[in-house]
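Asker:
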Amino acid sequence: MSEVVTILFPSDPGSERLRELQGDLRVLEGFAGAGTEQTRSAGIAELAMWVGFAADALGLVSAATETLGKIAEKVRGRGIRGAVIELPSGVRISIDSASPDDIQKLVSAWQVEKAQWSPRGPGGE
Amino acid sequence: MAPDDPASIDHARKRAMARFEEGEIPEALAELTRLIDAPAADRGARSRQALYYLRLDRATVLRRANRWDEAMADLDEAERLIDGLAPLFQDMCRGSVAHARALILGDPANPGADPTRCLGELARIRRSGFAVLECAADDLESRLAHRAGDWTTAAALARRAAASLDDQGWPAAAATCRRREAEALLGRGDVDGAEAALDAARRHFDRFGTPLDLAHAELVRARILSARHAHDEAWHCTLDALARFDHLIHRFSVLSEQQAFLRDKLERYAEAFAVALAAGGDTGCLRAWSVAERSKSFYLCQLLASGSVALFEGVDPARLRAFEEAGDTLDRLDAQLGRLSRDDREGEPGQQLIARLHDASREKARALESLMRADPRWARVNVPGELDVGRELARMPGGWSLMSYYWEGTGGGAESGGGREPGRLHVFWTDGSSRPCHTVTEWAPQDLELLRASRTRLTGRVPRGATLVPEALGALILPPEVCGSIPEGSRLLVSPHGLLQMLPIHAVVIDSQDFAAGRWAIQYLPTLALLPLARQSNAPDPVLLIGCEQDGFGDRPLPDVPGELRALEEVWSEPPARPVTRHLVPRDGTPDAAGAEVGRWGGFGVLHVACHGDLPADRPFDASLRLGSSSVRSSDFFGIRLDGAIVTLSACSLGRHAEGARDRAVMADEWIGLCLPLLYAGARCVVASTWEAFSEPAARFMRALHAALKRGDDPADAVRWAQDRTASEIPFPAAWANWYPVGVPAGPPGRR
Amino acid sequence: MDDLKGLLAPLMQSGKIPPAFLRKIEDAQRDPARLSAILTELTALLGPAAEAPLNIEDYYREEDGRKFELRWPLAPANPLAARGIPFDALDRKTQFFTLFAEWSGREAEGLMAMNDGDVAGAQAVFLECVERADQIDVAELRARSYENLARVAERRSDQKAVLSWLDKAKAARAAA
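Chains as they are written, first to last, in my numbering: chain A, 1 to 125; chain B, 1001 to 1752; chain C, 2001 to 2176.
1) So if DSSP puts residue 52 of chain A in a beta bridge, which residue, or which two residues, is it bridged to?
2) Under 8 Å: do the stretch 1077-1090 of chain B and the stretch 1102-1114 of chain B share three or more Cβ pairs, one atom per stretch?
3) Helix, strand or coil for residue 1745 of chain B, going by three-state DSSP, please let me know.
4) On the criterion of 16 or more Cβ atoms from any shown chain inside 10 Å, does residue 1712 of chain B qualify as buried, or is it exposed?
5) Cβ atoms of residue 47 of chain A and residue 107 of chain A: under 8 Å apart, would you say?
6) Helix or strand or just coil, what does DSSP make of residue 1413 of chain B?
7) Give, in chain order, every unbroken run of the alpha helix (DSSP H) that is at least 4 residues long and sits entirely within the stretch 44-105 of chain A.
8) Starting from the C-beta of residue 1554 of chain B, find all residues in its chain whose C-beta is less than 8 Å away, skip the five residues before and the five after it, and write them out in chain order.
9) Given a threshold of 16 other Cβ atoms within 10 Å of its Cβ, counted over all protein chains shown, does residue 1440 of chain B qualify as buried or as exposed?
10) Taking only beta-carbon atoms, is residue 1361 of chain B less than 8 Å away from chain A?
11) If you scan the stretch 1575-1654 of chain B from start to end, which runs of the beta strand (DSSP E) of 3 or more residues do you find wholly inside it?
12) Would the stretch 1538-1546 of chain B and the stretch 1605-1613 of chain B be scored as touching if the rule is three or more Cβ pairs under 8 Å?
13) Check whether chain B comes within 8 Å of residue 2142 of chain C, counting only Cβ atoms and requiring the distance to be less than that.
14) For the alpha helix (DSSP H) containing residue 1087 of chain B, name the first residue and the last one.
15) So residue 2108 of chain C is in the beta strand (DSSP E); what residue range does that whole segment cover?
16) What whole-angstrom Cβ distance do residue 957 of chain B and residue 1143 of chain B have, given they're in contact under 8 Å?
17) So residue 13 of chain A contacts chain B; which residues on that side make the cut at Cβ distance below 8 Å?
18) DSSP state of residue 1522 of chain B, grouped into three classes?
19) Going straight from the alpha carbon of residue 1015 of chain B to that of residue 2132 of chain C, what length do you get?
20) Please classify residue 1290 of chain B as buried or exposed, where buried requires at least 16 neighbouring CB atoms within 10 angstroms.
21) Scan the stretch 23-37 of chain A for residues whose Cβ lies nearer than 7 Å to a Cβ of chain E and list them as they occur along the chain.
22) By the three-class DSSP mapping on this structure, what secondary structure does residue 1497 of chain B have?
23) Please state the DSSP three-state secondary structure of residue 1502 of chain B.
24) Is residue 1370 of chain B helix, strand or coil by DSSP?
25) Taking DSSP as the reference, what is the three-state secondary structure of residue 1688 of chain B?
26) So with CB distances below 9 Å, who are the chain C contacts of residue 1251 of chain B?
27) Is it true that the CB of residue 1241 of chain B sits closer than 8 Å to the CB of residue 1218 of chain B?
28) Going by C-alpha distance, which of B/1626, B/1611, B/1634 is nearest residue 1619 of chain B?
29) At 4 residues or longer, what runs of the alpha helix (DSSP H) sit wholly inside the stretch 1244-1310 of chain B?
30) Can you check which of these residues, B/1485, B/1464, B/1518, is closest to residue 1 of chain A by C-alpha distance?
31) In the DSSP assignment, what are the bridge partners of residue 1514 of chain B?
32) Consider the Cβ of residue 1612 of chain B: report whether some Cβ of chain A lies at a distance smaller than 8 Å.
33) Residues of chain B with CB under 7 Å from residue 2170 of chain C, in chain order?
34) May I ask you to report which of helix, strand or coil DSSP gives residue 28 of chain A?
35) Whole angstroms are fine: how far does the CA of residue 1645 of chain B sit from the CA of residue 1539 of chain B?
36) Ordered along the chain, which non-local residues of its own chain (more than five positions away) have a Cβ less than 6 Å from that of residue 1125 of chain B?
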């Protein structure tokens, strides 16, 4: 697993829906795993699902944009509203309102940052 | 004279100011405040005059303690009183107030500094026509020129002010101006001129100088000697000066006051650092290293030097009750906040609750400060002895290398690292032969931006796939000469500084391929000055495992916690077993009700807490572990003794330390958070996270960590093992690199 | 003149006399009419903050009736000196009044010296004032002498001395 993005849910969609969503995501190109995630932080903590991808699955802007667009579709398809996709850089993409162009711009910025922060490093290997 | 007679008040005021000049700032402030607040026998002109002087003097004391806003408020009050004074005095008084304001507005240590307003006040001073105020204006303009690096102007104005003050019979003020003249001439490279000016100043200081005068003059002398290459003599003067500064700093028994006072003092340590380093070679390296470490974590060193004072023992029960009740109030408000919906929390109900929380927090802080001030053992704080890094290197247990960072110039704090200017980072370390080494890495503004961005990212929620530290910074943080000289498999004790605090140096990428944690077991320490202060530890055998799956604060449940505690119990129960106490605190329960009150935690040698953690950025001493319906807070640990325990906190962010507290930016290098009271309480090592911990990876990490501790691994090695195990299952640094071991390494018996 | 000195003393202690006013006083030293006008102006400028001059009568005690010794020469401006009347010829009370006034004069000289920058000179004068106060055993004058010594110490930033002199001043008044 080389890359991971996170889906953040504004409220608990329920374990059943989360399981179904996880199943939906398996068909994505380069899918390498998924799981729910919670932190031990006080206060209103978001429920999250991490989604992992194999090396280079999100390497190209076009491929990453397409994959993230499909994730958004699948989340919407399960009737979940208000969720966001969080990129490793911390940038968040609104699933309800981001257009493909918006996603592409954010992905491009992320790739630029990745090139600057982690050009060859061991992260994720 | 009646006690409230204006003459009596004048006496008392002068006594307070005499104490202030001797460095007893908290005491002087308390006395002046008492005099200001006391009801006057009459409200006549002489009382108004007395009150005017009190306000003016208190503003001076507050300014010296870097409490700018309060000082300005006193000056505003003093100005309001002037109209009621004798007409003959009014112009002079207005000039005096203008001078005091200008000093505040022109000081770069003041976040509200306003050079334009400062110049306006200067113009008012010069219009007054009083010779003594004219000198004051010259002196202030000299300081401004000094800060701008205009040495010639600074020296000329200081010289003129000194001559005039001598003529008018103000020898102390004249001596101070001569010292400033010496500093300006040093800046210009005129060493002979600097020496002559300093000698003239010292003729007064040697007989009548205040502690601060003497400290400052000694440091200037050190710089002159250093410029003349008399490095050994310069070093002796530097040590003398630093001892004097340290003594002033350690007079503050309350953290917030000490931190405020420190703000402009760290420049002196930066000057001392330059003098020390100038000697060159191993000698210069060790001296500079010692100065760098002495400039860090004054308060924690003071706490440990004060040794065995358990803060809550034998104190006034009423004060202790006030402190405990304030904590209970905080818990109730936290719980109410937790039960609000997201909308309500962000709306009016939430804002009101948060405001009440802040009030309760202030109340608790005041109660804690009251305990600290009232305890006579606390008041007689010991000044930590002089740190000699060379001596500590020789005493380090085998298998350890030391590494320290020090940003040049600004003297420390989160501000250091250059701002918009390039930065020079000094890296000190010991190589495989325990030789002291030193190098400097040069940071361009864009490097510093990257570092700041990294630090910002590593706060709160960190995405699982995040790159923690940009690779480009690797060689700046762990330069090749460092990596090449510390053997793989060593333990590395790291003392960070400024912007490198809370950075996971163990997750820095070396040579574009390895994480530092892959090569060394890395442990952290706020400052190497803690090494000689660490107490002997005989950690008890028993192990405490305490956690909470669902607390009473409305936080999400943590289903991993019960399994984590059970797994750790199994680890410690394996032969040779250690006695284990396991508590799962229910939602409506408390540690006390579960028989695990904090006061009894000293009976355990290993303490593991698994729950939600909270560290409010602006209330670091309210950092808490949420167990049931109560919180164990940071400040609670001041009242217990942990005899060398290893503390592992399986919660979020509790390894962080704040960069501000109660609306005041923290200027110095203090680790204000949970680590400070735990180390004071005697913990040998604290393992905690600095960003939000993913619950399931936390449980994995802790299982591996405790397994390693059980088999006798040093905590640093145990953490490295756990990092490695966790990374093999979850290869993202955000999940495995979130745990920092902090503490003094244990040595062979009889050493620590 | 004594009234003027009495008013000037606190001003000089404060160091707050406007330079122009000080020059006026210096120019008017030998002109009683101008001095009188200045006194009026000064009183108005000081307003309610003006200290009432000490009433020497309040401090005189007959005790055993023994006369005083003239230990320091009288100031040239003293009327006795001008008229050539021997000090020994005076009765005890008049001697007391004379020595009290001499103390006031020396205090004013000490304050002038301090404001002129002669801090060491001022200290010497105020130490003499302590002895003068001791001679006639007036606690209030003793205390004021100590307070002036504290002012000198303040200028030197000699805090230990400041505290010490203030303590002595307080003790002197307490013993009165």
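Glycine residues also receive a C-beta, built at the ideal position from the N, C-alpha and C atoms. Just so it is clear, the structure is predicted and the values come from calculations on it, not from any experiment.
Answerer: Checking against the coordinates, here is how it stands:
1) Beta-bridge pairing links residue 52 of chain A to A/4, A/33.
2) no
3) coil
4) Of the residues assessed, residue 1712 of chain B falls on the exposed side of the cut-off, its CB having fewer than 16 other CB atoms within 10 angstroms.
5) no
6) Low confidence applies here, because residue 1413 of chain B scores a pLDDT of 41, under 50, leaving its location unreliable and the question unanswered by this model.
7) 61-77
8) Answer for residue 1554 of chain B: 1335, 1337, 1338, 1339, 1340, listed in chain order.
9) The residue is exposed, with fewer than 16 neighbouring Cβ atoms inside 10 Å.
10) no
11) The stretch 1575-1654 of chain B contains these whole beta strand (DSSP E) runs: 1580-1584, 1606-1610, 1612-1614, 1624-1627, 1630-1633, 1646-1650.
12) Yes: the two stretches touch, three or more of their Cβ pairs being nearer than 8 Å.
13) no
14) 1087-1105
15) Here residue 2108 of chain C belongs to no beta strand (DSSP E); instead the alpha helix (DSSP H) covers 2092-2115.
16) With chain B represented from 1001 up to 1752, any question about residue 957 of chain B goes unanswered, as that position is not in the structure.
17) In chain order: nothing, as chain B lies at least about 14 Å away.
18) strand
19) Taking the straight line joining both Cα atoms gives about 26 Å.
20) buried
21) Among the chains of the structure shown, chain E does not appear; the protein chains present are A, B and C.
22) coil
23) coil
24) In the structure shown, residue 1370 of chain B sits in a helix (DSSP, three-state: H, G or I).
25) strand
26) Within chain C, no residue comes near residue 1251 of chain B; the closest Cβ sits about 15 Å away, beyond 9 Å.
27) Contact flag set, yes.
28) B/1634
29) Runs found: 1255-1262, 1266-1277, 1281-1294, 1298-1305.
30) B/1464
31) B/1510
32) Put simply, the CB of residue 1612 of chain B is near chain A, with a gap under 8 Å to one of its CB atoms.
33) Close partners of residue 2170 of chain C in chain B (Cβ separation under 7 Å): 1011.
34) coil
35) 5 Å
36) 1095, 1098, 1099, 1133, 1137
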